[in-house]
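Peer 1: Take a look at this one; I'll ask things after.
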Amino acid sequence: MFSLMANCCNWLKRWREPARKVTLVMVGLDNAGKTATVRGIQGENPQDVAPTVGFSKVDLKQGKFEVTIFDLGGGKRIRGIWKNYYSESHGVVFVVDSSDVQRIQETRETMAEVLQHPRIAGKPVLVLANKQDQEGALAEADIIENLSLEKLVNENKCLCQIEPCSAVLGYGKKVDKSIKKGLNWLLNNIAKDYEAITERVQKDTAEQRAQEEQDKKERAERVRQIRQERDIKYWFL
Numbered sequence: 075m076f077s078l079m080a081n082c083c084n085w086l087k088r089w090r091e092p093a094r095k096v097t098l099v100m101v102g103l104d105n106a107g108k109t110a111t112v113r114g115i116q117g118e119n120p121q122d123v124a125p126t127v128g129f130s131k132v133d134l135k136q137g138k139f140e141v142t143i144f145d146l147g148g149g150k151r152i153r154g155i156w157k158n159y160y161s162e163s164h165g166v167v168f169v170v171d172s173s174d175v176q177r178i179q180e181t182r183e184t185m186a187e188v189l190q191h192p193r194i195a196g197k198p199v200l201v202l203a204n205k206q207d208q209e210g211a212l213a214e215a216d217i218i219e220n221l222s223l224e225k226l227v228n229e230n231k232c233l234c235q236i237e238p239c240s241a242v243l244g245y246g247k248k249v250d251k252s253i254k255k256g257l258n259w260l261l262n263n264i265a266k267d268y269e270a271i272t273e274r275v276q277k278d279t280a281e282q283r284a285q286e287e288q289d290k291k292e293r294a295e296r297v298r299q300i301r302q303e304r305d306i307k308y309w310f311l
């Protein structure tokens, strides 16, 4: 009887807990299947999606979590913006095109840049080895080896889970079970260290905003000096 009451009290306590707000960045090379993955999780058809130019922001509810996902474009010219979103992220979803063996080195180099960034290192990372439905797709063990994944996550102290999946084979309740499993793993590991990660997010975000404000002032000062020099030259003509 006492055990039953204790279980009920624990359940009631969890039920009353406020939803935890979590921000994730979803990155990977262009055509890896990031947007298809997000759409599938949302319950939308992941087929025939257009490449993401810049970024898209998705808000969804996952159990006791209110999740914001920044789906960031993967083209070479746009990857420079990724770092602007690292400070507010609690964790990372890195999507890999398992069937594109020709770009596996580029994938490895890109992943290394992400995990080595000071505002990402130490945060949990979910690797989705996507497009397992494609002929010639690398298996999980081959992905780990080709990406030097174990070495990379150990060097940067990142908890990591890899899930082979196919983003286009289902959506909503029928989304690939590996995607659902991986997302649950990521959120649960964030929850285990939620206070510390959130404190880090708040600190990094404040520092980034301060730096952006400083950069803005410096740009304005440079523009002012250029205009002043131009006006001086004009008066001496």
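Residue numbers for the sequence shown follow the numbering used here, so the first one is 75 and each next one is one higher. All C-beta atoms in this analysis are idealised placements derived from N, C-alpha and C, irrespective of residue type, glycine included.
Using alpha carbons as the reference points, say which of Thr111, Gly117, Met185 lies closest to Ser240.
Peer 2: For the purposes of this step, residue 240 is identified with residue 166 of the sequence shown, where counting begins at 1. Ser240 has its Cα closest to that of Thr111, out of Thr111, Gly117, Met185.
Peer 1: Excluding the 5 residues flanking Met75 on each side, which residues of the same chain have their C-beta closer than 6 angstroms to its C-beta?
Peer 2: One-based indexing of the sequence shown puts residue 75 at position 1. For Met75, the predicted model reports a pLDDT of 48, less than 50, meaning its position is unreliable and no value from the coordinates is stated.
Peer 1: Might you give, ordered along the chain, the residues of its own chain that have their beta carbon closer than 7 angstroms to the beta carbon of Lys247, omitting 5 neighbours on each side?
Peer 2: As a first step, residue 247 is located in the sequence shown; it is residue number 173 there, counting from the start. So the list is empty, once near-sequence residues are dropped.
Peer 1: So within the region 121-205, which uninterrupted beta strand (DSSP E) runs reach at least 3 residues, ignoring any that extend past its ends?
Peer 2: Complete beta strand (DSSP E) runs here, min 3: 129-136, 139-146, 165-171, 199-204.
Peer 1: On the three-state DSSP scale, how would you describe Val96?
Peer 2: Translated into the one-based positions of the sequence shown, residue 96 becomes position 22. It is a strand residue.
Peer 1: Cα separation between Tyr268 and Val167?
Peer 2: Mapped onto the sequence shown, residue 268 falls at position 194. Mapped onto the sequence shown, residue 167 falls at position 93. Each residue's alpha carbon lies about 17 angstroms from the other.
Peer 1: Can you tell me whether Val242 is helix, strand or coil according to DSSP?
Peer 2: Position 168 of the sequence shown, counted from the start, is the residue given in the question as residue 242. Coil at Val242, not helix or strand.
Peer 1: Give a yes or no on whether the C-beta atoms belonging to Leu212 and Asn220 are separated by under 8 angstroms.
Peer 2: The sequence position of residue 212 within the sequence shown is 138, counting from 1. The sequence position of residue 220 within the sequence shown is 146, counting from 1. Contact: yes.
Peer 1: Suppose you measure from the CA of Ile194 to the CA of Gln282; what does that come to, to the nearest Å?
Peer 2: Position 120 of the sequence shown, counting from 1, holds the residue named residue 194. Position 208 of the sequence shown, counting from 1, holds the residue named residue 282. Cα-Cα distance, rounded: 14 angstroms.
Peer 1: With Asp145 and Lys108 assumed to form a contact (beta carbons below 8 angstroms), what rounded beta-carbon distance in angstroms separates them?
Peer 2: As a first step, residue 145 must be located in the sequence shown, where it is residue number 71. As a first step, residue 108 must be located in the sequence shown, where it is residue number 34. Yes, they are in contact, since the Cβ atoms of Asp145 and Lys108 sit about 5 angstroms apart, within 8 angstroms.
Peer 1: Could you say which of Asp250, Trp259, Ser222, Tyr159 lies nearest to Val199 if we only look at CA atoms?
Peer 2: To locate residue 199, count along the sequence shown from 1; it is residue 125. It is Trp259.
Peer 1: Check whether the region 99-106 and the region 166-180 touch, using three or more Cβ-Cβ pairs below 8 angstroms as the test.
Peer 2: Yes: the two stretches touch, three or more of their Cβ pairs being nearer than 8 angstroms.
Peer 1: What are the residues that DSSP puts in a beta bridge with Val249?
Peer 2: As a first step, residue 249 must be located in the sequence shown, where it is residue number 175. Answer is none; Val249 lacks a bridge partner.
Peer 1: Would you kindly check if the distance between the Cβ of Gly210 and the Cβ of Val313 is under 8 angstroms?
Peer 2: Outside the displayed span of the chain (75 to 311) sits residue 313, for which this structure offers no information.
Peer 1: Please confirm whether Gly147 and Gly128 have their CB atoms less than 8 angstroms apart.
Peer 2: By 1-based counting over the sequence shown, the position of residue 147 is 73. By 1-based counting over the sequence shown, the position of residue 128 is 54. Taking 8 angstroms as the Cβ cut-off, Gly147 and Gly128 qualify as a contacting pair.
Peer 1: Measure the C-alpha to C-alpha separation of Thr126 and Lys150 and round it to an integer number of angstroms.
Peer 2: Start at 1 with the first residue of the sequence shown, and residue 126 comes out as number 52. Start at 1 with the first residue of the sequence shown, and residue 150 comes out as number 76. About 12 angstroms.
Peer 1: Count the other CB atoms within 10 Å of the CB of Ala93; is the residue buried (16 or more) or exposed (fewer)?
Peer 2: Residue 93 sits at position 19 when you count from the first residue of the sequence shown. Ala93 should be labelled exposed.
Peer 1: Just mark Ile155 as buried or exposed, buried being the case when its beta carbon has 16 or more other beta carbons within 10 Å.
Peer 2: Translated into the one-based positions of the sequence shown, residue 155 becomes position 81. With fewer than 16 other Cβ atoms within 10 Å, it is exposed.
Peer 1: Roughly how many whole angstroms lie between the Cα atoms of Ala294 and Val141?
Peer 2: Within the sequence shown, residue 294 is the residue found at index 220, counting from 1. Within the sequence shown, residue 141 is the residue found at index 67, counting from 1. Their Cα atoms are separated by approximately 36 angstroms.
Peer 1: Per DSSP, what are the beta-bridge partners of Gln288 in this structure?
Peer 2: Taking the first residue of the sequence shown as position 1, residue 288 is located at position 214. BP columns for Gln288 are empty, so no partner.
Peer 1: DSSP has Ile236 in a bridge; who is on the other side?
Peer 2: What you label residue 236 is simply residue 162 of the sequence shown in a count that begins at 1. Looking at the DSSP assignment, Ile236 forms a beta bridge with Val201.
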